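Respectively, the protein sequence lines represent chains A and B.
Sequence positions in the first sequence follow this note's numbering and run 328 to 643.
Sequence positions in the second sequence follow this note's numbering and run 54 to 253.
The beta carbon of each residue, even a glycine, is placed where N, CA and C say it ideally should be.
A quick note: this is a predicted structure, and the numbers were derived from the prediction, not measured.
Take a look at the structure set out below.
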Amino acid sequence: MQAKDRNKFNPTGLIIVAIIATFSINPILGGVIIILIILFLKKNPKLLSSYFTKHLLPAAESQDDEDLSEDSFNTQKEFNSNDQSAMRAKISSFLFTKTRLEKRKKYLHIALNSTLEEAEEIISQLPASDRILIEVGTPLIKIYGTEAISRIKEMTPPGTYIVADNKCADLAAREVEMMANAGANASTCLGVAPIETINSFIEECQKFNIDSMIDMMNVESALEVLKKLKKLPNVVMLHRGVDESEFSKEKQIPYYQIKQIKGNYNVLVAVAGGDTSREVQQAIFNDADIVVVWKNFYKSSAQTAQLAESFLREIK
Amino acid sequence: MISLLPASEKIIIEAGTPLIKKYGTRGITSLSNWWSEKIQKQGYIVADLKCMDRGSREVWAAAEAGASSATCLGLAPIETINEFIGECEKVGIDSMVDMMNIEFPFEILQKLKKLPTVVVLHRGADENERNREKQLQHDQIHRIKGTYGKVLISVAGGETTRDVVRTFFNDSDIAVIWRSFYEAPENTANLAKDFLKLVK
């Protein structure tokens, strides 16, 4: 891989030397050559992108050597065959280093579902922690559109991990593009959606350099779905729906599936649908990486900050 | 695009899922305003929410925005669909249940407390593109209509005129199309007229 890298680097060095040389001979000629090179690169964006990947790679590796090395290799492969809009997303993510999830940490995932005003209050009360993920809930997205994502991104401190819960069921490519451009770090897709949709969703997420989450709500066996996929998502979310929890209490989150999934696949597992601290403990005890809560954070209250802190303590 | 469509009460405008996710309820409201202006009376707007959870909240938001009906995924938990249909009745809009990726729409209908107004048989766009051999279940239309007299059937996912003819031949009440309109906006008027003729 290194030899290949050197091969790619050489022309760039040569070009720079050539530019300096022509400038010393005749400044006008140098200008003309620069314009020609810019035109050439515009016509062949692939060359430009391979140049960027080299800078992206070490940056990503130094951030998190173990988890991302495989990831960034994929990134490089994707890079050469990308359309321009995906490339733009990548370059911007390289400039403003995008937060990614780490394997060894446990995360508290707070879903915001009421209104943007409430969301702002809640966010202002949350303790600063890199273990808190903020989710823009489905109702927010459906009511405010992608504006909700960019607004919440503005409200949160820079570097906060934003999940767009778009619950994609069809036309994955378009939805992922919208969410990524609005500034989300991850996007969700329904596990009950057609397999073709989930496959294209995961591919598209890799292209736009965001994490893919598959929401296994109302899926009996998450393993069966994972088996059928071409590529693995970053996160699998075991989810008991709100209406389900309210109207039939006896439905349980299948905690035993967490171990099954983690044993067989290299993915993070999130658990959603339990809101009491007991359920949070249970999820973490069963080795979940991410715990999703929302009910306690639906309306902001005096206890919001305490709640978040106590949850964070529990999932240490 | 709406300005290009012929004014006809037989046309139902749907605010698609990507549109809703992009513009939120504003998208529904503007569509409803444009279309109502065009046909000089309250137009019929479908909000394709693809509701999966929290049935009541989403229905309420869509109705507020001026939608005449909303959709819910048949894949959603039964509790959600029940809640969805109940809420739709409460706010006075039609309920549509989208049977995408469901093998036997029957089983879902059997489990429901109340029937939805419309059942949408749907082949997803991603399915269409990547997997040609999946077919719409036209045979299901008769069966559903035979058993549940009152529900209307809508068929989505076929785009060619042939698909549409077949849809109506099989006694469906509504045919949903989008791709031809998405890909060739300039032919909108002709296309719509052609399809309307078929639907007669």
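For residue i, which option in the options has the closest C-alpha, if you only look at C-alpha atoms?
i, options, result
"B/Asp101", "A/Ala635, A/Cys495 and A/Lys534", "A/Cys495"
"B/Gly119", "B/Gln163, B/Ile98, B/Phe137 and B/Leu128", "B/Ile98"
"A/Tyr471", "A/Glu444, A/Gln579 and A/Pro454", "A/Glu444"
"B/Gly108", "B/Ala242, B/Gly80, B/Ser207 and B/Cys141", "B/Cys141"
"A/Thr487", "A/Ile476, A/Leu559 and A/Ile461", "A/Ile461"
"B/Pro130", "B/Ala116, B/Glu160, B/Ser121 and B/Val144", "B/Glu160"
"B/Thr133", "B/Arg79, B/Ile92, B/Lys167 and B/Ser85", "B/Lys167"
"A/Val594", "A/Asp570, A/Ile522, A/Glu547 and A/Ser539", "A/Ser539"
"A/Ile522", "A/Leu559, A/His436 and A/Arg501", "A/Leu559"
"A/Tyr592", "A/Ser527, A/Asn536, A/Lys430 and A/Glu547", "A/Lys430"
"B/His175", "B/Ser83, B/Leu244, B/Ser225 and B/Thr78", "B/Ser225"
"A/Lys557", "A/Gln579, A/Phe528, A/Val596 and A/Leu634", "A/Phe528"
"A/Arg605", "A/Ala632, A/Ser637, A/Val519 and A/Glu571", "A/Ser637"
"B/Met149", "B/Ala123, B/Lys143 and B/Lys250", "B/Ala123"
"B/Ile92", "B/Met105, B/Ile65 and B/Leu72", "B/Ile65"
"A/Leu639", "A/Ala520, A/Ile459, A/Val596 and A/Val519", "A/Ile459"
"B/Val208", "B/Thr70, B/Thr200, B/Pro158 and B/Gly96", "B/Pro158"
"A/Ala455", "A/Pro485, A/Thr473, A/Ile537 and A/Leu428", "A/Pro485"
"B/Gly139", "B/Ser83, B/Leu244, B/Val173 and B/Glu111", "B/Glu111"
"B/Ala116", "B/Ser85, B/Asp106, B/Ile227 and B/Asp179", "B/Ser85"
"A/Val546", "A/Glu504, A/Leu356, A/Asn526 and A/Ile580", "A/Ile580"
"A/Asp457", "A/Thr473, A/Leu435, A/Glu502 and A/Trp621", "A/Leu435"
"B/Lys203", "B/Lys246, B/Trp113 and B/Val172", "B/Val172"
"B/Glu156", "A/Ala520, A/Thr631, A/Lys534 and A/Ser351", "A/Ala520"
"B/Lys143", "B/Trp113, B/Lys164 and B/Leu162", "B/Trp113"
Only counting the same chain, and skipping five residues up and downstream in sequence, which positions put a Cβ closer than 7 Å to that of residue i?
i, result
"A/Tyr625", "Asn440 and Ser441"
"A/His566", "Asp542, Met543, Met544, Ala599 and Gly600"
"A/Gly510", "Ile476, Ser477, Lys480 and Ile489"
"A/Gln587", "Leu550"
For the alpha helix (DSSP H) that residue i lies in, which residues bound it at each end?
i, result
"A/Lys622", "Where A/Lys622 is concerned, there is no enclosing alpha helix (DSSP H), given that its DSSP letter is neither H nor E."
"A/Ala446", "Leu443 to Gln452"
"A/Ser637", "Thr631 to Glu641"
"B/Ile81", "Thr78 to Ile92"
"A/Val503", "Ala499 to Ala509"
"A/Ile529", "Ile522 to Lys534"
"A/Glu429", "Unbroken run through A/Glu429: none, as it is neither H nor E."
"B/Lys164", "Pro158 to Lys164"
"B/Ser109", "Gly108 to Glu117"
"A/Ala475", "Glu474 to Met482"
In the DSSP assignment, what residue or residues form a beta bridge with residue i?
i, result
"A/Thr515", "A/Met540"
"A/Ile439", "Reading the sequence as shown, one finds Leu at residue 439 of chain A and not Ile. A/Leu439 is bridged to A/Val463."
"B/Ala123", "B/Ala100 and B/Ser148"
"A/Tyr434", "A/Ile617"
Within the continuous beta strand (DSSP E) that includes residue i, where are the two ends?
i, result
"B/Ser207", "Leu205 to Ala209"
"A/Lys554", "Note, A/Lys554: premise wrong, no beta strand (DSSP E); alpha helix (DSSP H) at Ala549 to Lys555."
"B/Met152", "Counting along the chain, B/Met152 falls outside any beta strand (DSSP E), and DSSP gives it neither H nor E."
"A/Lys494", "Tyr488 to Cys495"
"B/Ile66", "Ile66 to Ala68"
"B/Thr172", "A small correction: the amino acid at residue 172 of chain B is Val; Thr does not occupy that position in the sequence shown. Looking at the DSSP string, the run of the beta strand (DSSP E) that includes B/Val172 is Val171 to His175."
"B/Ile227", "Ile227 to Val229"
Taking 6 Å as the limit between beta carbons, can you name the residues of its chain near residue i, skipping five residues before and five after?
i, result
"A/Asp398", "Because A/Asp398 sits at a pLDDT of 41, beneath the cut-off of 50, its placement in the model cannot be relied upon, and the point is left open."
"A/Leu467", "Ala475"
"A/Ala491", "Val463, Ile476, Met506, Ala511 and Ser514"
"B/Met153", "His175 and Gly177"
"A/Ile450", "Met482 and Thr483"
"B/Asp147", "Ser122 and Thr170"
"B/Glu67", "Val99 and Asp101"
Closer than 8 Å by C-beta to residue i: which residues in its own chain qualify, once you throw out the five before and the five after it? Chain order, please.
i, result
"A/Ile611", "Lys433, Val618, Glu641 and Ile642"
"A/Ala345", "Ile360"
"A/Ile364", "Ile342 and Ile346"
"A/Gln609", "Tyr582 and Gly601"
"B/Glu136", "Gly108 and Ser109"
"B/Arg79", "Ala118"
"B/Ile197", "Pro158, Phe159, Leu162, Val172, Val204 and Ile206"
Entirely within the region 562-616 of chain A and at least 4 residues each: give me those alpha helix (DSSP H) ranges in chain order. 569-574, 583-591 and 604-612
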